[in-house]
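When the letters of the sequence shown are read in order and numbered with the working numbering, they come out as residues 8 to 353. Idealized CB from N, CA, C, for every residue including glycine. This report concerns only the one structure given below.
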Amino acid sequence: MTYRASDTRYDSMQFRRSGKSGLKLPAISLGLWQNFGGSRDYPSAFEILSYAFDHGVTHFDLANNYGPPAGSSEELFGDIMARDFRPYRDELIVSTKAGWLMWPGPYGEFGSRKYLIASCEQSLKRMGLDYVDIFYSHRYDPNTPLEETMGALAQLHRQGKALYVGISSYPREQTIEAHRILADMGVPLLIHQPSYSILNRWIENDQTIDACGDLGVGVIAFSPLAQGILSGKYNKLAKSDLGGTRASENYSLSAQRLAPRILSAVEGLGKIAKARKQTMVQLALAWVLRRKEMTSALIGVRTLEQLKDCLGALDNLDFTAKELAAIDKAVEGGMMDGRPKTELPD
Ligand SMILES: NC(=O)c1ccc[n+]([C@@H]2O[C@H](COP(=O)([O-])OP(=O)(O)OC[C@H]3O[C@@H](n4cnc5c(N)ncnc54)[C@H](OP(=O)(O)O)[C@@H]3O)[C@@H](O)[C@H]2O)c1
8 MTYRASDTRY
18 DSMQFRRSGK
28 SGLKLPAISL
38 GLWQNFGGSR
48 DYPSAFEILS
58 YAFDHGVTHF
68 DLANNYGPPA
78 GSSEELFGDI
88 MARDFRPYRD
98 ELIVSTKAGW
108 LMWPGPYGEF
118 GSRKYLIASC
128 EQSLKRMGLD
138 YVDIFYSHRY
148 DPNTPLEETM
158 GALAQLHRQG
168 KALYVGISSY
178 PREQTIEAHR
188 ILADMGVPLL
198 IHQPSYSILN
208 RWIENDQTID
218 ACGDLGVGVI
228 AFSPLAQGIL
238 SGKYNKLAKS
248 DLGGTRASEN
258 YSLSAQRLAP
268 RILSAVEGLG
278 KIAKARKQTM
288 VQLALAWVLR
298 RKEMTSALIG
308 VRTLEQLKDC
318 LGALDNLDFT
328 AKELAAIDKA
338 VEGGMMDGRP
348 KTELPD
């Protein structure tokens with residue numbers, strides 16, 4: 008049966024302008040890292056993505072290496088585009104990135120022009136697209152001149168293969184520099200994609216978020232639920248029975264991240280969420296979106312129920328100063344260090 012998007016798809020979503028650009032993003036965007044790889048079947052992926060789009064989630068975030076295996080998330084998304092989403096291409100914001108390891112040898116990771124241009128071509132093929140809406144440098148590469156990495160973004164922008172360009176996990180100083188280099192080439196820096204959550208505030212600590220605000224660059228926060236920790240589920244699950252959760256994979260969410268000091272910080276958030284008549288997930292997303300610089304909270308979901316829970320955050324995005332202070336107090340012993348590395352092997 009042909010998919011027809013819901014007529015009410017724009018009724019409940021809030022859209023926010025990305026910095027000083029002309030582009031608005033949904034307050035909640037959906038990423039395809041880990042949950043939409045090779046083991047995900049089409050019907051269950053489509054069920055989640057179409058529900059998202061039917062509720063105003065117009066932005067889907069990918070990267071060359073998303074899967075596993077690397078590339079499979081873009082292939083799955085390409086299938087969805089070809090079979091069901093094609094008529095809605097102009098209502099969708101699709102992003103992808105290059106920066107992390109994608110193929111062997113010296114041209115398959117980091118920030119060279121050689122890697123970024125080739126990777127973008129590969130991503131377009133996997134997704135069956137002529138262009139992406141946003142192409143990102145996925146991480147700062149201290150061993151490549153920033154002029155070269157930004158030059159590659161500008162080239163893709165000029166060729167129309169990327170309508171907008173962004174950076175991900177760049178610290179403050181490098182963000183300001185990237186913005187300047189791009190501006191000199193006549194290309195605006197649309198957006199920064201850093202990690203950010205109640206438990207991970209590095210963009211506040213090094214004032215990257217303030218710099219983005221000053222420069223008119225939007226911000227989209229990845230892992231706003233600290234990969235699920237902020238849902239509170241790990242406070243209930245025994246370490247020996249992690250079910251199908253991300254922690255059971257022991258890949259990006261290692262046992263170390265489920266340390267007692269972190270779980271006890273999360274415990275304290277339960278009461279605050281309850282008083283706000285929200286789930287903990289909704290509290291965590293509303294908290295990320297409280298900053299005026301924040302364009303979107305970029306979630307990941309494994310199930311449709313999780314997506315529905317996340318979208319419920321939009322019902323209560325306001326905080327009192329008292330609530331914010333209570334959140335800070337609850338988590339003060341449970342903070343994580345999310346600051347990206349600025350030294351990498353050459
Ligand atoms: N730029 C970068 O370097 C970078 C890095 C990481 C991610 N990202 C982007 O950001 C997106 C989101 O990252 P993320 O997946 O780490 O975000 P997240 O939203 O913090 O974590 C997603 C996980 O949280 C759990 N979850 C979500 N909703 C839930 C609910 N209602 N109740 C209970 N658990 C819930 C699920 O865990 P279970 O699977 O355990 O159920 C889900 O897989 C990615 O898909 C990707 O697009 C970018």
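- Using a Cβ distance threshold of 8 Å, Phe67 and Leu37 count as a contacting pair.
- Each residue's CA atom was taken as its position, placing Leu206 and Met20 some 26 Å apart.
- In this model, Cys317 and Asn323 are separated by some 12 Å (Cα to Cα).
- In this structure, Cys219 has its CB at a distance of at least 7 Å from all heavy atoms of ligand 1.
- DSSP places His145 outside both helix and strand once states are collapsed to three, so it counts as coil.
- In chain order, Tyr203, Ser204, Ala228, Pro231, Met301 and Ala304 place their CB closer than 7 Å to the CB of Val295, counting only its own chain and leaving out the 5 sequence neighbours on each side.
- The continuous stretches of alpha helix (DSSP H) do not include Asp353, and DSSP gives it neither H nor E.
- Judged by the Cβ position, Phe326 fails to qualify as a neighbour of ligand 1 at the 7 Å threshold, every heavy atom of the ligand being at least this far.
- Taking the Cα of Asp18 as reference, the smallest distance to any Cα among Ile55, Asn72 and Ala59 is reached at Ala59.
- For Thr103, the secondary structure class from DSSP, reduced to helix, strand or coil, is strand.
- The C-alpha of Ser28 lies about 8 Å from the C-alpha of Gly223.
- With contacts defined by Cβ atoms closer than 8 Å, Ser80 and Gly106 do not form a contacting pair.
- Annotated three-state conformation of Leu170 is strand, per DSSP.
- A distance below 7 Å between beta-carbons, with the five flanking residues on each side excluded, links Met109 to the following residues of its chain, in chain order: Asn71, Asn72, Ala77, Gly115, Glu116 and Ser126.
- By the criterion of a C-beta distance shorter than 7 Å, Asn42 is surrounded in its chain by Gly307, Val308 and Arg309, once the five residues flanking it on both sides are discounted.
- A direct Cα-Cα distance of roughly 7 Å separates Ser144 from Gly118.
- Taking the Cα of Trp40 as reference, the smallest distance to any Cα among Gly63, Ser259 and Ala320 is reached at Ser259.
- Cβ atoms of Tyr122 and Pro347 stay farther apart than 8 Å, at about 18 Å.
- Between the alpha carbons of Arg253 and Pro201 lies a distance of about 20 Å.
- DSSP places Ala280 within a helical segment (H, G or I) once states are collapsed to three.
- Checking the 7 Å criterion, the Cβ of Val308 is within range of a heavy atom belonging to ligand 1.
- Using a Cβ distance threshold of 8 Å, Thr215 and Pro267 do not count as a contacting pair.
- Checking the DSSP bridge columns, you'll see Met20 has no partner listed.
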